[in-house]
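Participant: Going letter by letter, the sequence shown gives residues 34 to 507 in my numbering.
Note that CB positions come from ideal geometry on N, CA and C, so glycine has one too.
Structure in structure tokens, see below.
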Amino acid sequence: MPVFEPVIGLEIHSQLKTATKMFCSCPITPGAEPNTHICEVCTGQPGALPRLNARAVELAVRAGLALGAQVSEISVFARKNYFYPDLPNGFQNSQLDPPICRGGGLDLPDYGRHIRLNRIHLEDDAGKCLHDEQRGQTLVDLNRAGAPLIEIVTEPDFRSAGEVMDFLKKLHAILVQLEVTAGRLEEGEFRCDVNVSLRPRGAEALGRRSEIKNLNSFRHVGQAIEYEIVRQGGLLERGEKIEQETRLFDPARQETRTLRGKEEAHDYRYFPQPDLPPVLVPPALLARIKAEMPPLPEAVMAELLSLGLTAEQATLLLERRGALEYFKAALTFLDDPKRLATLMVELLLPAAQKENIPPLDCACGPEVLAALARLLAEEALGRRAAYDLFPELFARGGDPEALARDRGVFQISETGALEALARELIAAHPEEARRYREGQDKLLSFFVGRLMRQSRGAANPKLAGEILARLLKT
Ligand SMILES: [Zn+2]
């Protein structure tokens, strides 16, 4: 029985899905050549004035509404002052009081817990420092400087790493589904700082905490928390003090280590940002944002299930990036959700993942998959033949019907052709035919199997069974 109880809170930074930066019209393009998307505003030139991106405000409000937060009709920007080479202004534009949203929360039914949010606020991102160890240089790339972020701050309501990971996955799914963020973890578009402290079980007061910075993988969050709980527990059991400090997680060593102690902690000296007017969200704007909200993941899940998809299929379509868009596009070509979902889950999504191609960019687009599904539905193709054609369609796209004709794999559903095959077969196996007539019904599958083999899988098995049963009786 552990004596100490972990208390965990999160600060999540999520990059908003806007075309341009928070305060200028520079585009946001991850992977671009360094310092190609910069201007006088996002590089902090004297006299350059910021202009707030209205879309960023709408997306922050959208996040607040989805999380049950109170949206502020008036919120303000503040300067958060610190010095770092990738921060050209010498301050970050952030919101102290009031932020754009307050309160809200998310249920974790698996853990019987409700996680309260403290606030959501707008801020802009810094650039990136690239350390060139070989040359002993540090280079600064300001393409990301001024990118729009929301910071979501939770109350310290978590008690385990599992709860935190569950929460982050849920939150990520909501923000991605609502198109608040593209949410690419590897691009740092969804990253978090974790505050961990321990206190004696049953105590009210919080222990001294450490903050683990900048985690952008759910797994690393879990590992960092587990490590901190053990590390702090060991210190407390030996009667040592926990230092309030900022730590970094090293995935290679699976441990956290000190980045800076309390003495080096930043004093941000927040003060009002005189260059930015208050952010207004009047009732009419709030109503419009509400009306334009895409459905939440739970609603989408319910809709997919109502179309007849299995829970596994629906979950995969929701979780795999771009899968839902592909599915919806395919539905416009063929109204057969179950068959389309099956083909996506069994063929398209695994192939796309293997090749690392977003589903909608595959040569086998929604119209191609829909055409393949239609051939299956019409029983023009057997399942086996359809699955054999798929790699070719995935590699080059094209018309499944033409390809099937080319390969000669159309299912034989023509009664005359099947009858001829069936008669041949019965004549070749008189002994089995006699036993079938005497009542050994199971022998029908023997004949169907032979007929399928003889037609190299092209016969329609259902029809073949019917014809064989009829001919064997006569
Ligand atoms: Zn700019």
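Starting from His253, trace the alpha helix (DSSP H) in both directions and tell me its first and last residue.
Facilitator: Element bounds for His253: Phe251 to Glu270.
Participant: Are Arg232 and Glu388 touching if we call contact CB-CB under 8 Å?
Facilitator: Not in contact: Arg232 and Glu388 (Cβ atoms no closer than 8 Å).
Participant: Check whether the Cβ of Cys225 lies closer than 7 Å to any heavy atom of ligand 1, and answer yes or no.
Facilitator: No; taking the cut-off as 7 Å, the Cβ of Cys225 has no heavy atom of ligand 1 nearer than that.
Participant: Would you call the CB atoms of Asn228 and Pro189 closer than 8 Å?
Facilitator: Result yes, Cβ atoms of Asn228 and Pro189 sit closer than 8 Å.
Participant: Which of the three DSSP states, helix, strand or coil, is assigned to Gly498?
Facilitator: Helix at Gly498.
Participant: Look at Met485 and Ala497 and say whether their C-beta atoms are less than 8 Å apart.
Facilitator: Yes; because the gap between Cβ atoms is below 8 Å, this pair is in contact.
Participant: Tell me which same chain residues have a C-beta within less than 6 Å of the C-beta of Gly521, skipping the five on either side of it?
Facilitator: In the structure as shown, the chain starts at 34 and stops at 507, and residue 521 therefore has no counterpart that could be examined.
Participant: I'd like to confirm the pairing. Which residues does DSSP put opposite Asp300 in its beta bridges?
Facilitator: BP columns for Asp300 are empty, so no partner.
Participant: Taking 7 Å as the line, does the beta carbon of Lys161 fall inside it for any heavy atom of ligand 1?
Facilitator: It does not: the Cβ of Lys161 is nowhere closer than 7 Å to a heavy atom of ligand 1.
Participant: Residues in the same chain with beta-carbon distance under 7 Å from Asn151, minus the five sequence neighbours each way, listed in chain order, please.
Facilitator: Cβ neighbours of Asn151 beyond the five flanking positions: Val186, Thr187 and Glu188.
Participant: So the candidates are His154, Tyr303, Leu218 and His70; which of them puts its Cα closest to the Cα of Leu248?
Facilitator: Leu248 has its Cα closest to that of Leu218, out of His154, Tyr303, Leu218 and His70.
Participant: So, helix, strand or coil for Glu361, using DSSP?
Facilitator: Checking the sequence, you will find Lys at residue 361 rather than Glu. Reduced to three states, the DSSP call for Lys361 is helix.
Participant: Assuming Leu505 contacts Arg456 (C-beta within less than 8 Å), just tell me the rounded distance between them.
Facilitator: Leu505 to Arg456, Cβ: 10 Å. No contact.
Participant: Spell out the partners DSSP gives Ser243 in its beta bridges.
Facilitator: Bridge partners of Ser243: Val229 and Glu278.
Participant: Would you tell me roughly how many angstroms separate the C-alpha atoms of Thr448 and Leu349, rounded to the nearest one?
Facilitator: One C-alpha to the other measures close to 40 Å.
Participant: Once the 5 residues before and after Asn176 are set aside, which same chain residues still bring their CB inside 6 Å of it?
Facilitator: Only Ala65 and His70 meet the Cβ criterion.
Participant: Excluding five sequence neighbours on each side, which residues of the same chain lie with their C-beta closer than 7 Å to the C-beta of Arg234?
Facilitator: Closer than 7 Å at Cβ, skipping near neighbours: Val36, Phe37 and Glu38.
Participant: Quick one: Cα of Tyr144 to Cα of Lys203, how far?
Facilitator: In a straight line, the C-alpha of Tyr144 is about 13 Å away from that of Lys203.
Participant: My output table needs one value for Phe37: the three-state DSSP class, helix, strand or coil.
Facilitator: Reduced to three states, the DSSP call for Phe37 is strand.
Participant: Using 8 Å for Cβ pairs, my map puts Glu452 next to Ile500. What's the rounded Cβ distance?
Facilitator: Sure, about 6 Å apart at Cβ, within 8 Å.
Participant: Helix, strand or coil for Asp165? Go by DSSP, reduced to three states.
Facilitator: Three-state result, Asp165: strand.
Participant: What does the alpha-carbon distance come out to for the pair Ala215 and Gln265?
Facilitator: About 35 Å.
Participant: For ligand 1, any of its heavy atoms closer than 7 Å to the Cβ of Ile71?
Facilitator: Yes, Cβ of Ile71 sits closer than 7 Å to a heavy atom of ligand 1.
Participant: Go to Ala335, then tell me how far its beta strand (DSSP E) extends in each direction, as first and last residue.
Facilitator: Note, Ala335: premise wrong, no beta strand (DSSP E); alpha helix (DSSP H) at Pro330 to Ser339.
Participant: Do the stretch 130-140 and the stretch 107-117 make contact, defined as three or more Cβ pairs closer than 8 Å?
Facilitator: The stretch 130-140, when compared against the stretch 107-117, does touch it at the 8 Å Cβ threshold.
Participant: Where in the stretch 102-190 do unbroken runs of the beta strand (DSSP E), each at least 3 residues long, occur, reported from the N-terminal end onward?
Facilitator: List check, beta strand (DSSP E) in window: 111-114, 124-127, 138-141, 146-157, 161-165, 170-174 and 181-187.
Participant: Thr507: which of Arg192, Glu471 and Glu379 sits nearest, CA to CA?
Facilitator: The candidate whose alpha carbon is nearest that of Thr507 is Glu471.
Participant: State the start and end residues of the unbroken beta strand (DSSP E) segment that holds Thr291.
Facilitator: Here the beta strand (DSSP E) through Thr291 covers Glu288 to Arg293.
Participant: What are the complete alpha helix (DSSP H) segments, minimum 4 residues, inside the stretch 433-459?
Facilitator: Correct list: 433-440.
Participant: Does ligand 1 have even one heavy atom less than 7 Å from the beta-carbon of Gly80?
Facilitator: Flag unset: Cβ of Gly80 not near ligand 1.
Participant: Flag Val74 as yes when its Cβ comes closer than 7 Å to any non-hydrogen atom of ligand 1, and as no otherwise.
Facilitator: Yes, the beta carbon of Val74 sits closer than 7 Å to at least one heavy atom of ligand 1.
Participant: Looking only at its own chain, which residues have a Cβ that is under 6 Å from the Cβ of Glu288, when we skip the five neighbours before and after it?
Facilitator: Within the same chain, Glu288 has close Cβ partners Tyr260.
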